[in-house]
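So the mapping is simple: this note's numbering equals the position in the sequence shown, first residue as 1, plus 9.
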Amino acid sequence: MPLANCSVHSRAVEASVATLLLLECGLGLVGNAIALWTFFFRLKVWKPYAVYLFHLVIADLLLTVCLPFHAAFYLRHKTWSLGHPSCQTLLFLRALSRGVGVAFLTAVAVDRYLRVVHPRLKVNLLSPQVAWGISGLVWLLMAVLTHQSLFISEAECPSFAPRGYFSFSLIWQEVLFFLQVILPFGLIFFCNARIIRTLQGRLRDPDKQPKLQRAQALVAVVVVLFALCFLPSFLARIFLAIFRGSDSCRVLRALVHSSDVTSSLTYLQSVLNPVVYCFSNPAFRHSYRKFFYTLRGRGQDAEVPGCDLKDSYS
Numbered sequence: 010m011p012l013a014n015c016s017v018h019s020r021a022v023e024a025s026v027a028t029l030l031l032l033e034c035g036l037g038l039v040g041n042a043i044a045l046w047t048f049f050f051r052l053k054v055w056k057p058y059a060v061y062l063f064h065l066v067i068a069d070l071l072l073t074v075c076l077p078f079h080a081a082f083y084l085r086h087k088t089w090s091l092g093h094p095s096c097q098t099l100l101f102l103r104a105l106s107r108g109v110g111v112a113f114l115t116a117v118a119v120d121r122y123l124r125v126v127h128p129r130l131k132v133n134l135l136s137p138q139v140a141w142g143i144s145g146l147v148w149l150l151m152a153v154l155t156h157q158s159l160f161i162s163e164a165e166c167p168s169f170a171p172r173g174y175f176s177f178s179l180i181w182q183e184v185l186f187f188l189q190v191i192l193p194f195g196l197i198f199f200c201n202a203r204i205i206r207t208l209q210g211r212l213r214d215p216d217k218q219p220k221l222q223r224a225q226a227l228v229a230v231v232v233v234l235f236a237l238c239f240l241p242s243f244l245a246r247i248f249l250a251i252f253r254g255s256d257s258c259r260v261l262r263a264l265v266h267s268s269d270v271t272s273s274l275t276y277l278q279s280v281l282n283p284v285v286y287c288f289s290n291p292a293f294r295h296s297y298r299k300f301f302y303t304l305r306g307r308g309q310d311a312e313v314p315g316c317d318l319k320d321s322y323s
């Protein structure tokens, strides 16, 4: 294949991608550690909605732990020196945590949709214990779907960079990525569109407009977050698949570099999800505000009592 005989390395691109990955790691660890602290020390009552958000935080933290190793791969000019088993493990954890994060972001959207658009359904009466069981099934299902990463051969690992051929494991990873973008994004967009339409009909009173505006802002944040993180990589992979047989090294290099950069953007999800938490509940806003005030030596200004987790529609 032309791609196999074409040098696609670029020190500038590899350094830029590594820098972005390390930045995402640092910001993701800080943002999600604060969210985790809020769950343990600020929330007195756990509802199903809180359970899904908690597992989203765990998935994001797991993903950020993988990023320094991914950055090292690019800093070493796309070579892996830690052995084949560690490479397989990293690919599995990366795919698992990213997939679980998308699943719980979708679960949050579906949960809001059912409670706002269909409030009388019995499914809205689920207990937190049932939500924990559902969350466990999500982790198990995603582990089953992503376990093919553990069978990547030594010649193919790490599969961060597109290659001139595909094994079943690599094909499955690509298929799973596309499904994780198309299906969740469609479901999230549908649920949030129906939520806004329902709230516009219910919250006509001028006094309730701030509540509607917060809900609209939350919907916009979720949709933009998903599109920003996954749409560029989705398009780059499609173009790379279409032009993989091109005889032009210049075209192939551009496509591979685009794929490298846009793939690194998918990890922004772990950095930007705290924005969703802030729009969802004031407890998170207070926690992040306290953190920034502490950095400025004003920690006492942001002290707030613990509170229940109620989303912006409550």
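Glycine included, each C-beta is placed from N, C-alpha and C at the ideal position.
Predicted, not measured: the structure shown is a model, and the values here were computed from it.
### Query
Nearest-angstrom Cα distance between V139 and P57?
Rounded to whole angstroms, V139 to P57 spans 8 angstroms at the Cα level.
### Message
Is the beta carbon of V125 closer than 8 angstroms to that of I204?
### Response
Contact annotation: I204 and V125 have beta-carbon atoms nearer than 8 angstroms.
### Message
Distance check for L274 and Y122, CA to CA, integer angstroms please.
### Response
A straight line joining the alpha-carbon of Y122 with that of L274 spans about 28 angstroms.
### L91, DSSP secondary structure in three states
L91: coil per DSSP, three-state reduction.
### Query
To the nearest angstrom, how far is it from the Cα of P171 to the Cα of L261?
Per-residue confidence for P171 stands at a pLDDT of 47, beneath the threshold of 50, marking its modelled position as unreliable; no derived number is given.
### Query
Under a Cβ-count criterion, where at least 16 other Cβ atoms within 10 Å of its own Cβ denotes burial, should D256 be classed as buried or exposed?
That one is exposed.
### Query
Quick check: the stretch 43 to 57 against the stretch 99 to 109, are there 3 or more CB pairs under 8 angstroms?
Note that the stretch 43 to 57 does not touch the stretch 99 to 109; fewer than 3 beta-carbon pairs, one per stretch, sit closer than 8 angstroms.
### Task
State the start and end residues of the unbroken alpha helix (DSSP H) segment that holds Y276.
That residue, Y276, is in no alpha helix (DSSP H); it is neither H nor E in DSSP.
### Task
Closer than 7 angstroms by C-beta to C34: which residues in its own chain qualify, once you throw out the five before and the five after it? Chain order, please.
Within its own chain, the residues whose Cβ lies closer than 7 angstroms to the Cβ of C34, once the five positions on either side in sequence are excluded, are T73, L76 and P77, listed in chain order.
### Query
Looking at the structure shown, is L134 part of a helix, part of a strand, or coil, going by DSSP?
Helix, per DSSP.
#### Entry: the ligand HEM heavy atom lying under 7 angstroms from the CB of S268
Within the structure as shown, the ligand HEM is missing, as the structure has no ligands at all.
### Q189 - containing alpha helix (DSSP H), residue span
Start and end: F177 to R211.
#### Entry: For R129, three-class secondary structure by DSSP
R129 falls in the coil class under three-state DSSP.
### Query
Can you tell me whether DSSP reads I251 as helix, strand or coil?
Looking at I251 - three-state DSSP - the assignment turns out to be helix.
#### Entry: As assigned by DSSP and simplified to three states, the class of N41
Of the three classes helix, strand and coil, the one that applies to N41 here is helix, per DSSP.
### Close-in-space but distant-in-sequence residues of the same chain around F101 (CB under 8 angstroms, 5 per side omitted)
So the list reads T155, H156, S158 and L159, once near-sequence residues are dropped.
### Query
Looking at C-alpha atoms only, which residue of F186, P193, S296 and A118 is the closest neighbour of I247?
It is F186 whose Cα lies nearest to the Cα of I247.
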